[in-house]
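Reviewing the structure listed below.
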Amino acid sequence: MSEKSNRDHDADDANDRELINMEFESMVEGLSLDESSPSTYLDELENFIDQNRFIAPTPPRKSLTASVKSALSAFKKWKEGKTDRDDDGVAI
């Protein structure tokens, strides 16, 4: 390579490094290294309570016989159901 192209290449690298350093400094500029703050972001996350959390309801317990009766009833309802579709995804 010629000496001129080497100088141009080095100048471009220097400009790129300067741009990277300037961007880094602008990002770090807003950060505070002061340790005297009463709480940190991690402390705030630990103390955060989600008020919109879903709590699943607990259904009432059924006896074994009631569960079997319910299952048989559902099966009979499905088997005797009136439908226009020939194939509902299950074959007996």
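Following our numbering, the numbering of the sequence shown begins with 79 at its first residue and continues without gaps.
The beta carbon of each residue, even a glycine, is placed where N, CA and C say it ideally should be.
Quick caveat, the model's predicted, so the values are computed rather than measured.
query	result
Can you grab the Cα-Cα spacing for the pair residue 154 / residue 145, in whole Å?	14 Å
Distance check for residue 109 and residue 93, CA to CA, integer angstroms please.	25 Å
State the Cα-Cα distance for the pair residue 105 and residue 99, rounded to the nearest angstrom.	10 Å
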